[in-house]
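Residue numbers (the UniProt record's numbering): 1 to 439.
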């Protein structure tokens with residue numbers, strides 16, 4: 001086979017058994033740069049799934065063709081490319097209807113999947129916890145349910161047959177191909193399982209609330225460096241990969257910010273056009289964001305279009321009911337940002353905190369900002385605690401914000417902001433203008 005240029009690389013004869021993928025996009029609106037950015041993200045998703053992009057095709061249309069997504073003429077052109085480039089799978093940059101998937105697969109004589117199936121496949125690979133696997137399984141079954149009708153022989157081609165590959169992980173063909181009734185039964189079983197796990201998650205959130213320890217959630221576009229930032233802030237040993245959707249299962253750690261203890265939760269990364277099946281299935285996990293006292297919205301400042309990613313993340317957070325949660329925008333990967341990128345980002349988002357989770361630059365300032373935002377709750381009190389009240393002093397440090405602390409001959413004199421419930425307990429030790437307010 002003659003040499004071919006693939007996204008800037010030159011490759012000779014095929015020597016790898018990796019699944020070879022052709023990307024197909026329909027450019028309906030926006031600029032050429034927007035269309036190129038969409039396809040670049042799709043390519044990154046394919047590579048995250050473990051496949052290899054060998055060719056890209058973009059068609060300019062007012063809207064996708066209702067029958068075959070790209071039109072029969074372009075589909076015929078793809079048929080030749082599939083044979084010449086030894087393409088295993090075509091990935092379309094959109095969510096195709098069942099009919100579009102079947103007709104396009106028949107025309108090009110290759111496996112065809114859409115963007116939604118690809119993202120579901122990546123989630124199936126990345127999920128490690130029982131809850132994460134169940135959430136992905138439910139999302140995949142919800143996606144496949146309307147695609148069972150009339151697929152017949154084409155279902156195996158759409159799903160990759162027995163050969164595996166993209167979009168064949170998770171519940172598996174054997175579950176999906178039986179019948180709609182069995183699929184519904186499976187979905188109901190997974191929903192009940194998730195409901196039980198959500199009850200446990202809600203109980204843990206309630207306990208954290210009851211402890212008066214504020215919660216901070218890390219949110220952001222996938223691969224923005226949330227897990228790296230969590231590690232830098234807390235010293236935790238959380239898996240860090242330079243990969244899309246490396247984190248699906250929430251990780252909760254404690255961190256001290258400006259004298260106040262808070263919980264810090266790493267959550268699943270977002271992506272543009274996140275499949276609604278995933279948003280629904282992962283709603284209990286995403287509630288870690290909506291239930292937080294503060295969101296650290298992490299953005300990759302080295303990305304070519306960080307503002308678009310910021311817009312996507314805020315839209316998803318709004319969709320799940322978290323628009324009212326206070327936010328600190330964190331421009332991560334500052335050490336890798338190209339010249340002028342940070343200036344452009346800060347011009348649009350002047351309140352952003354610039355950090356590098358890799359080097360630690362800006363992290364102390366970020367913690368100070370977190371403490372400042374969290375200190376707006378509770379009552380500020382002047383206290384004099386006897387040394388015999390060590391347990392109460394520990395609780396003040398854990399549940400409140402200590403602004404000043406001094407060890408004297410009679411006890412610990414401190415200025416602290418504490419939640420109302422704790423304020424009632426420390427009231428006997430409150431210092432008043434005429435002296436200590438208690439023994």
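Backbone N, C-alpha and C define an ideal beta-carbon position, used for all residues, glycine too.
Please read these numbers as outputs of a predicted model, since none were measured by experiment.
Worksheet item: Is the beta carbon of residue 422 sitting closer than 8 angstroms to the one on residue 390?
Response: no
Item to complete: Please confirm whether residue 412 and residue 418 have their CB atoms less than 8 angstroms apart.
Response: no
Worksheet item: Got a sec, what are the start and stop residues for the beta strand (DSSP E) residue 332 sits in?
Response: 327 to 332
Fill in: Which of helix, strand or coil DSSP assigns to residue 81
helix
Discussion item. Measuring alpha carbon to alpha carbon, tell me which residue in 76, 283, 414, 68 is nearest residue 380.
Written reply: 414
Worksheet item: Do you know offhand how far residue 475's Cα is from residue 126's?
Response: With the chain represented from 1 up to 439, any question about residue 475 goes unanswered, as that position is not in the structure.
Worksheet entry | Whole-angstrom distance between residue 139 and residue 280, CA atom to CA atom | 8 angstroms
Worksheet item: DSSP three-state call for residue 74: helix, strand or coil?
Response: helix
Worksheet item: Buried or exposed: where does residue 428 fall if 16 or more other Cβ atoms within 10 Å of its Cβ makes it buried?
Response: exposed
Worksheet item: Would you report the Cα separation of residue 326 and residue 31, rounded to the nearest angstrom?
Response: 33 angstroms
Worksheet item: Between the C-alpha atoms of residue 144 and residue 263, what's the straight-line distance to the nearest angstrom?
Response: 37 angstroms
Item to complete: Would you kindly work out how many angstroms separate the C-alpha atoms of residue 227 and residue 265, rounded to a whole number?
Response: 10 angstroms
Worksheet item: What's the gap between the Cα of residue 193 and the Cα of residue 386?
Response: 50 angstroms
Practice prompt. Could you check what DSSP says for residue 319 in three-state terms: helix, strand or coil?
Written response: helix
Fill in: Close beta carbons around residue 112, own chain, < 6 angstroms, minus the five adjacent residues each side
90, 101, 104, 105
Fill in: Spatial distance of residue 231 from residue 128 (CA atoms)
19 angstroms
Practice prompt. Report yes if the CB atom of residue 26 is closer than 8 angstroms to the CB atom of residue 55, and no otherwise.
Written response: no
Worksheet entry | Every unbroken alpha helix (DSSP H) inside the stretch 252 to 301 [4 residues or more] | 276 to 281, 283 to 290
Worksheet item: Hey, which unbroken runs of the alpha helix (DSSP H) at 4 residues or more fall wholly within the stretch 34 to 72?
Response: none
Worksheet item: Which ranges does the beta strand (DSSP E) cover as unbroken runs of at least 3 residues, wholly within the stretch 367 to 430, from first to last along the chain?
Response: 379 to 385, 401 to 407, 412 to 418
Worksheet item: Whose C-alpha, out of 405, 410, 382, is nearest the C-alpha of residue 388?
Response: 410
Discussion item. Less than 8 angstroms between C-beta atoms, sequence neighbours within five positions excluded: which residues of the same chain meet that for residue 43?
Written reply: 7, 23, 53, 56
Discussion item. Quick check on residue 286: buried or exposed, where buried means 16 or more other Cβ atoms within 10 Å of its Cβ?
Written reply: buried
Practice prompt. Please state whether DSSP places residue 200 in a helix, a strand or coil.
Written response: helix
Discussion item. Quick test of your reading: residue 450 and residue 335, contact by CB under 8 angstroms. State the CB separation rounded to the nearest angstrom.
Written reply: Past the boundaries of the shown model lies residue 450; the chain is included only from 1 to 439, so the question cannot be answered.
Worksheet item: Any idea if residue 206 is buried or exposed, counting beta-carbon neighbours within 10 angstroms, 16 or more meaning buried?
Response: exposed
Practice prompt. Go ahead and label residue 333 buried or exposed: buried means 16 or more other beta carbons lie within 10 angstroms of its beta carbon, across all protein chains shown.
Written response: buried
Item to complete: Kindly identify the DSSP beta-bridge partner or partners of residue 353.
Response: 330
Practice prompt. Could you tell me which residues DSSP pairs with residue 111 in its beta bridges?
Written response: 89
Item to complete: Answer with yes or no whether the minimum CB distance from residue 53 to chain B is below 8 angstroms.
Response: Among the protein chains of the structure shown there is no chain B, as only one such chain exists.
Discussion item. Let me make sure I understand the geometry here. Which of 403, 405, 49, 373 has the alpha-carbon closest to that of residue 124?
Written reply: 49
Worksheet item: Using the rule of at least 16 other Cβ atoms within 10 Å of the residue's Cβ for burial, across every protein chain shown, is residue 66 buried or exposed?
Response: exposed
Worksheet item: How big is the Cα-Cα spacing for residue 313 and residue 132?
Response: 20 angstroms
Worksheet item: Can you tell me the Cα-Cα spacing of residue 75 and residue 95, whole angstroms?
Response: 17 angstroms
Worksheet item: Nearest to residue 299 by CA position, among 322, 339, 229, is which residue?
Response: 229
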